[in-house]
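*Asks:* First the structure, then my questions, so here it is.
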Amino acid sequence: MSGSSPTPASPSSTPPSLWAATAPSAPPTRTLAGETRADLAVIGAGVTGLSTALHAAEAGLTVTVVEAEEAGFGGSGRNNGQVIPTLAKPDPSDLVAKWGEAGERLARMVGESAALVFDLIDRHAIACEAVQHGWLQPAHRPSRLTVSQKRHREWTARGLDCRLVDRAETAALTGSDYWAGGLLCPTGGHVTPLALTRGLARAAQKAGATVYTASPVTGIDRRGSDWRVATPGGAVTARAVVIATSAYGQGVWPTLERSIVPVRNFQMSTQPLPPEVLAKVIPADVAISDTHGDLYFFRKTADGRLVSGCTLTSRTSDPTEAKARVIARILEVFPQAGRQTIDYCWHGQLDFTPDFHPRFYSLEPGIFAAIGYNGRGLALGVAVGRELARAAAGTPFSQLALPDGGKPRPLPFHGLITGVAPLMMHWWRHKDGRD
Ligand SMILES: Cc1cc2nc3c(=O)[nH]c(=O)nc-3n(C[C@H](O)[C@H](O)[C@H](O)COP(=O)(O)OP(=O)(O)OC[C@H]3O[C@@H](n4cnc5c(N)ncnc54)[C@H](O)[C@@H]3O)c2cc1C
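Residue numbers (UniProt numbering): 1 to 435.
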């Protein structure tokens, strides 16, 4: 193998956030320089790419990860940290209707995904403030309890440990009488997502993978039966390639990047709540994302903050409106917390698909990709990574828990759709108030 530049890559590209301020530092990495070889080249160091790298390295493959910025630069380092063993909208019956038997396998994989995350955290001693007290999806109107009941029926049939909770138990878990009841999944919970991502990078390195950062991939070309993944300073030639760039892909595989709609989502944290208030806000320390289309979501942190967020109806990156909206929401749901001050505010890009189904591709012989997690990619990405590692090791795509999406279809008028997508939030808010 040739090598790499002698100086570690600068970690300065991570945007400011509560997570950036509190997570353990990233493991040392270098910028790719010169030509190198591996069995597997992974593009993107988020949870999908790093879980792929970890599992492939543990299976005995030589693995090189190539990241444009640094580990956790994308959604994996910016998200709310909710570890959720379901998808955003599709339930198992939807997966089976669309993908047949592979949809059944995907449903089981999703149902096991939260347990897999906490198992990996234990196994690799990842310090990420992991709390496995469950994930709760409360119903914001009594009529939405039908959503909870359907999900309960379908996911328990696929082995997911979850149960219905009534209004009183929901109030006891959350410290709020805002919700009408809901669905509780005990294997879920919350983590500091940037810390988890950096921990996965460290675990992948320990297992033998090489992680290059500040090394943006500029092209993938065939080299006989291998692929050459090029960056400005060097290239990696590998038998298999996994593309795990989610909503942050730029120029790696254009049809893939134009098959999703990137949507900005704001995240923010309060100051630490006073102890007497903290005890009354989410006393069970569950992660909460409710049934609103304009999602209400909350979780606490180890130092007693509430972390929430929202999506706006415009593409602005100005946080003023988002902060006002979230402060009002906290007052509405947790009046005992009073009017909160926001300490940290940041944003990230979600990767939406028109039908809310994630997509998995075998783009060319040996090139695999996953995208379209629709805001539910933390546990999903880790589980998908384990499957993609199997693909890289030679398991036929048809035997994975990932339905074959065929070839990615770029959305027509992609630029226009991306521009107007936030307006959909008006529709969700309208629906939220009606049914
Ligand atoms: C604000 C926000 C809140 C969310 N909250 C939750 C939540 O609470 N729970 C949940 O389950 N999901 C949540 N999600 C979704 C979840 O974070 C993502 O689905 C998941 O992190 C995607 O992981 P990934 O590894 O596939 O991609 P990413 O983490 O986005 O990583 C992609 C990486 O690819 C790199 N890259 C791009 N182009 C190149 C290139 N040319 N060369 C090399 N590297 C490249 C990027 O720099 C980036 O690091 C949230 C997402 C956002 C944005």
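The C-beta atom is built at its ideal place from N, Cα and C for all residues, glycine as well.
#1: Note down, in chain order, each residue of its chain lying with its Cβ closer than 8 Å to the Cβ of Gly406, except the 5 sequence neighbours on either side.
#2: Excluding the five sequence neighbours on either side, which residues of its own chain have a C-beta within less than 6 Å of the C-beta of Arg37, listed in chain order?
#3: So which of Glu69, Gly366, Asn374 and Thr245 has the shortest CA-CA distance to Lys89?
#4: How far does the beta strand (DSSP E) with Ile43 in it reach, from first residue to last?
#5: Within 10 angstroms of its Cβ, does Ala97 collect 16 or more other Cβ (buried), or is it exposed?
#6: How far does the alpha helix (DSSP H) with Trp99 in it extend, from its first residue to its last?
#7: Going by the CB atoms, is the gap between Gly75 and Gln349 shorter than 8 Å?
#8: On the criterion of 16 or more Cβ atoms from any shown chain inside 10 Å, does His140 qualify as buried, or is it exposed?
#9: Three-state secondary structure (DSSP) at Gln250?
#10: Tell me, which residues are paired with Arg123 by DSSP?
#11: Quick check on Asp432: does DSSP put it in helix, strand or coil?
#12: If you drop the 5 nearest sequence neighbours on each side, which residues of the same chain put their C-beta closer than 6 Å to that of Arg305?
#13: Would residue 441 be called buried (16 or more neighbouring beta carbons within 10 Å of its own) or exposed?
#14: Helix, strand or coil: which one does DSSP assign to Val384?
#15: Hey, how far is the Cα of Gly366 from the Cα of Val333?
#16: Within 8 Å, do at least three Cβ pairs link the region 127-141 to the region 186-203?
#17: In the structure shown, what three-state DSSP assignment does Ala240 receive?
#18: Under three-state DSSP, which class holds Ser51?
#19: Within this structure, are the beta carbons of Leu160 and Gln149 separated by less than 8 Å?
#20: Select from Leu363, Gly234 and Pro275 the residue whose C-alpha is nearest the C-alpha of Ala337.
#21: Flag Gln132 as yes when its Cβ comes closer than 7 Å to any non-hydrogen atom of ligand 1, and as no otherwise.
#22: Grouping DSSP H, G and I as helix and E and B as strand, with all else coil, what is Leu106?
#23: Compute the Euclidean distance between the alpha carbons of Gly181 and Glu169, then round it to the nearest angstrom.
#24: Just checking my contact of Ile84 with Gly188 at CB under 8 Å: how many whole Å lie between their CB atoms?
#25: Along the chain, where does the beta strand (DSSP E) containing Ser308 start, and where does it finish?
#26: How many Å lie between Ala93 and Glu154 at the Cα?
#27: So is Leu32 buried or exposed if we call it buried at 16+ other beta carbons inside 10 Å?
#28: For Thr316 and Tyr248, I'd like the C-alpha separation in whole angstroms.
#29: Of the choices Lys206, Ile282, Ser259 and Ala23, whose alpha-carbon is the least far from that of His414?
#30: Check whether the Cβ atoms of Glu70 and Thr245 lie closer than 8 Å to each other.
*Replies:* So, from the data block:
#1: Tyr361
#2: Thr237
#3: Asn374
#4: Gly34 to Ile43
#5: exposed
#6: Annotation for Trp99: the continuous alpha helix (DSSP H) segment containing it runs Pro92 to Trp99.
#7: yes
#8: Counting Cβ neighbours within 10 Å, His140 comes out buried, since at least 16 surround it.
#9: Three-state DSSP puts Gln250 in coil, outside helix and strand.
#10: Listed as beta-bridge partners of Arg123 by DSSP are no residues whatsoever.
#11: In the three-state DSSP reduction, Asp432 falls in the helix class (H, G or I).
#12: These residues qualify, in order along the chain: Ser269, Thr270 and Pro272.
#13: Beyond the ends of the chain as shown, which are 1 and 435, falls residue 441; an answer cannot be given.
#14: helix
#15: 49 Å
#16: yes
#17: strand
#18: helix
#19: no
#20: Pro275
#21: Placement of the Cβ of Gln132 at a distance of 7 Å or more from every heavy atom of ligand 1 is found.
#22: helix
#23: 7 Å
#24: Rounded to whole angstroms, the Cβ separation of Ile84 and Gly188 is 5 Å, and the two are in contact under 8 Å.
#25: Leu306 to Cys310
#26: For the sequence presented, residue 93 should be read as Ser rather than Ala. Counting only the Cα atoms, Glu154 lies some 7 Å from Ser93.
#27: buried
#28: Distance between the alpha carbons of Thr316 and Tyr248 is about 18 Å.
#29: Ser259
#30: Not closer than 8 Å, so no.
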